[in-house]
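Respectively, the protein sequence lines represent chains G and R.
Start counting the first sequence at 1; every next residue gets the next number (full-length UniProt numbering).
Start counting the second sequence at 1; every next residue gets the next number (full-length UniProt numbering).
Heads up, the beta-carbon is just placed ideally off N, CA and C, and yes, glycines get one too.
Note that the structure is a prediction, hence the values are computed from the model and not measured.
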Amino acid sequence: MKRQVLACKCPCSGGPGILELSEIIRCSPASHPCAPRRGLSAHLPLLSRLRFVFGTSVVPALDLVDRQSVTRFVSPSGRTVYQVVGSSGKLYTCYASCHFCSCPAFTFSVLRKGDNLVCKHLLAIYLSRATGACQEQSVSNQQLTALLLPEEK
Amino acid sequence: MAGAGAVGPRPRPLLLLGPTGSGRSTLLFRAALVGASVVSSARVLFLAPRPLERLPGGKAAGAGAIQRIHFLYPASFQELLQLVASLHQTLSSSSSMIVLDGLEEYLNNCSSPCTAAQLVALLLDTSNYFSQKRSHLSVGCQLIVSMKFPGEAGEEAEHFSAIEHYFPAHLWLHPDTGVDIGLDNQGLTKLIRAHLLQPGTKDQEWMVKFDAQGSMTISPLPCKNETENDTVSGNRPSVSEADATVPSSQS
Ligand SMILES: [Zn+2]
């Protein structure tokens with residue numbers, strides 16, 4: 001199930017917004033658009049490569065991708081922001097152009113300890129964009145502003 | 001990262017750090033002036049907890065340039081967040097520079113390192129948004145933030161470690177006695193050594209002089225580990241642009 005998404009859609013079909021990190025994904029020959037469509041096994045090197053770079057976040061992130069948990073919000077001003085539904089159903093806000101996620105793991109293991117590059121939600125955004133599994137939703141400028149702000153406590 | 005598409009050049013975000021009285025606000029204002037004078041399409045957003053006591057170097061500044069600086073004074077951390085998040089709605093023209101003075105004051109009433117990081121990430125995301133909007137122009141939107149040198153431990157240090165990674169370039173200001181560089185100390189009120197650190201490039205240093213009248217002069221210092229001293233005049237991009245152009249506009 002997990003690998004199905006990657007197997008169906010080549011990362012290069014992600015459109016113009018392909019991300020820097022996804023270069024890592026693209027480096028894998030199996031994921032190159034010019035490569036003839038091969039079976040699931042062709043993507044195994046890709047998965048191990050992802051796991052090597054991103055560690056244990058990879059499988060949970062692929063789960064999020066499979067569940068179509070990533071939504072990209074766009075407003076008429078052109079401003080964008082991402083929201084990811086976490087495995088517990090909680091919504092996390094992630095900024096579009098720099099690494100930030102409102103989840104606790106981002107604060108602890110990315111910001112504080114620095115032992116991870118991204119949390120599973122940010123990784124899920126990269127993977128969703130790369131595989132075309134990202135939901136798109138238009139909102140008003142005002143709604144987008146509200147999405148950018150931390151939740152009221 | 002995501003959704004970037006074709007993006008104009010993105011200048012590196014710069015964090016300006018120094019102890020109390022090291023001339024952070026003055027330098028920041030000068031950087032804003034330089035940023036506002038580069039091209040006629042320049043629009044600088046200057047955010048600070050309160051207005052500057054006086055506009056330093058005001059007499060030397062082009063009146064045109066200062067009109068391209070938009071000053072806003074959000075009173076609290078919450079107000080600042082709200083203001084930055086709504087810039088895409090409220091600003092009619094895209095900023096070419098966002099300057100924030102006194103970040104430490106805002107972080108004083110910020111609840112956690114995570115919210116501190118969110119503010120800085122939001123500033124960065126906003127400047128990237130403006131860079132994208134300005135992609136038809138030759139320069140993107142530069143972010144410069146000033147902050148008082150944080151303490152070694154406690155909440156300040158925690159907040160600092162959560163935000164510093166967002167800035168690839170750090171400019172440290174060190175008040176200097178001036179003795180070791182053999183300058184005539186008469187009439188000088190203050191000497192500051194400015195040290196620019198950005199990974200992948202050679203460190204650079206400048207000496208900032210404030211005379212008794214409060215006017216500022218900036219001169220490059222020769223590199224410590226290299227003998228060549230042509231490091232400043234070259235065409236270096238982004239962050240350092242403001243610093244590099246300042247010496248020519250001394251008052
Ligand atoms: Zn997260």
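- Look at R/Y73 here: in three-state DSSP terms it is coil, with no helix or strand label.
- About 5 angstroms separates the beta carbon of R/F77 from that of R/C110, a gap short enough to meet the 8 angstroms contact definition.
- Identification of residues in the region 132 to 154 of chain R having a C-beta nearer than 8 angstroms to some C-beta of chain G yields Q132 and K133, given in sequence order.
- For the 7 angstroms CB-CB criterion, R/L123 and R/V84 form a contact.
- In terms of beta-carbon proximity, R/S86 lines the interface with chain G, with at least one pair separated by less than 7 angstroms.
- Comparing alpha-carbon positions, the option among G/V110, G/H121 and G/L117 lying closest to G/F52 turns out to be G/L117.
- Sequence-distant Cβ neighbours of G/V74 in its own chain, meaning closer than 6 angstroms and more than five residues away, are T80 and S138.
- For R/L171, the closest of R/K190, R/M216, R/A42 and R/V208 by C-alpha to C-alpha distance is R/V208.
- Put simply, the CB of R/N128 is near chain G, with a gap under 7 angstroms to one of its CB atoms.
- Relative to the Cα of G/E151, the nearest Cα in the group R/C114, R/P222 and R/G35 belongs to R/C114.
- The alpha carbon of G/H99 has as its nearest neighbour, out of G/S57, G/S87, G/L123 and G/T56, the alpha carbon of G/L123.
- Counting other Cβ atoms within 10 Å of its Cβ, R/K202 stays below 16 and is therefore classed as exposed.
- Linking R/F167 to R/T217 through their CA atoms gives a straight-line distance of about 26 angstroms.
- Within 10 angstroms of the beta-carbon of G/S97 lie 16 or more other beta-carbons, which makes it buried.
- Residue pairing from DSSP leaves G/L149 without any beta-bridge partner.
- By the Cβ neighbour-count rule, R/A121 is buried, with 16 or more other Cβ atoms within 10 Å of its own.
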